[in-house]
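Sequence positions in the sequence shown follow this note's numbering and run 25 to 333.
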Amino acid sequence: MSNGGIIGVINTPTQLVASGVWTLNEVLLARSQDIWPLVPLIVDYLVVAGGGGGGTGGGGGAGGLRSTVTATGGGGTLETALTLTVSTNYTVTVGAGGAGSTSGNNSVFSTITSAGGGRGGNTNAQNMAVGGSGGGAGNNSSVLETGANGTANQGFKGGNSILGTPYPSGGGGGASAVGQTAPNVNQSGAGGAGVASLITGSSVTRAGGGGGHASLFGTDVAAGAGGSGGGGNGGAPSGVGTAGTANLGGGAGGGEGGGGAGGSGVVILRYPNTLTISNPGGGLTFTTATVSSDNVTTFTAGTGNVSFA
């Protein structure tokens, strides 16, 4: 078969290059044999995991945040956009937030995984958990507790408790700041702040940590505030912590009456508006908007495959 480009020479295309001049039938044949070079598909992403549930003391850590746009979590450098292929399935999972005293769930896009936020610590129990951002330390009558660590390039550690009646708790870590250590015996720590991103065309802050709870030992103890980006406030004495915000991956506030639930995560993809996205087999909840010359698809729940065409 001659391609018409060089007389007497038959060229063979590869997935990287196809030199010479080709007829439409030759191109179709090469594509059917999966040997025709395809234009690379560059996809920016923001992947936020589900936030950790608050403990009966410490605030829940925010879901891990990984991004190629504006800023990423944990003080890391921006990640690199993925080079993908059209008509190929890629996994998307939106992590659910953790129930009270339970860590959040991972979110996934293709090879990118963000870790669920760590649960906040309970009263007199050193059980705060490592996560995308770490859970805040619970209050303890005899032991100084240290907040759990976050995951590198995703989020920060939770805040510590301090000794002294009435034993305040630490705030959960956020994507851009550590959870606050209780500043004094009358104040529990606030949740760490989240990260702002412009991937949707507007600045939105996500993945804030949950605040520590107000102790039962005295009504003058102030609960920690939730971190910017969906972190829930700590509960009032004997109350329940506030839940993290859905689809922001916020950690929940701690509460003597029970920690709140972490906020669900989100997966956002930005790619050229000459392409469309589909969800073969279903399972995902998503919307698509056009921003400048790009499409921006936001996945808010579920797990399944996506494909570009």
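Beta carbons are placed, not taken as given, at the ideal position from N, Cα and C, and that holds for glycine.
Taking 9 Å as the cut-off, the beta carbon of Gly142 is found no closer than this to the beta carbon of Asn129. In the three-state scheme derived from DSSP, where H, G and I count as helix and E and B as strand, Gly326 is classed as strand.
Counting along the chain, Leu89 sits inside the beta strand (DSSP E) bounded by residues Leu89 to Ser91. The DSSP-derived three-state label of Asn210 is coil. Its chain contains Ala238 and Ala247 as the residues whose beta carbon lies nearer than 7 Å to that of Ala260, once the 5 sequence neighbours on both sides are disregarded; these appear in chain order. Burial check for Leu48: the Cβ neighbour count within 10 Å stays below 16, so the residue is exposed. In this structure, DSSP gives Asn319 an extended state, which the three-state scheme calls strand.
Spanning the alpha carbons of Gly253 and Asn148 requires a straight line of approximately 29 Å. Ser288 counts as buried, since no fewer than 16 other beta carbons sit within 10 angstroms of its beta carbon. Around the CB of Ala153, 16 or more other CB atoms lie within 10 Å, so the residue is classed as buried. Note that the C-beta distance between Gly97 and Ser200 is below 9 Å.
Under the three-pair Cβ rule at 8 Å, the segment 292–303 counts as touching the segment 315–330. Bridge partners of Phe332 according to DSSP: Ile301. In this structure, DSSP gives Leu106 an extended state, which the three-state scheme calls strand. For Thr107 against Gly278, the beta-carbon gap comes to about 42 Å, at or over 8 Å, which does not count as contact. Proximity of the segment 186–197 to the segment 308–322 falls short of the contact definition, fewer than three beta-carbon pairs being nearer than 8 Å.
Proximity to Pro64 across Ala249, Leu299 and Asn208 peaks at Leu299, based on C-alpha coordinates. In this structure, the beta-carbon distance from Gly232 to Gly213 does not fall below 9 Å.
Shown here for Lys181: same chain residues with a beta carbon closer than 6 Å to its own, the five before and five after excluded, namely Gly158, Gly171, Asn173, Gly174, Gly197 and Val202 in chain order.
In this structure, the straight-line span from the alpha carbon of Leu222 to that of Val45 is close to 42 Å.
Closest in C-alpha terms to Val67, from the list Val290, Ser138, Gly251 and Ser91, comes Ser91. Beta bridge pairing from DSSP links Phe180 with no other residue. Straight-line measurement puts the Cα of Ala249 at about 24 Å from the Cα of Gly119.
In the displayed model, Leu308 falls within a strand according to three-state DSSP.
Rounded to whole angstroms, the separation of the alpha carbons of Ser166 and Ser227 is 44 Å. In the DSSP secondary-structure assignment, Pro296 is bridged to Asp318.
The three-state reading of DSSP puts Asn164 in coil, since its state is none of H, G, I, E or B. The alpha-carbon separation between Tyr191 and Thr115 amounts to approximately 44 Å. Excluding sequence positions up to five before and after Arg294, its CB lies within less than 6 Å of the CB of Asp68, Ile223, Asp318 and Val320, all in the same chain and listed in chain order.
Counting the other CB atoms within 10 Å of its CB gives Leu89 a total of 16 or more, which places it among the buried residues.
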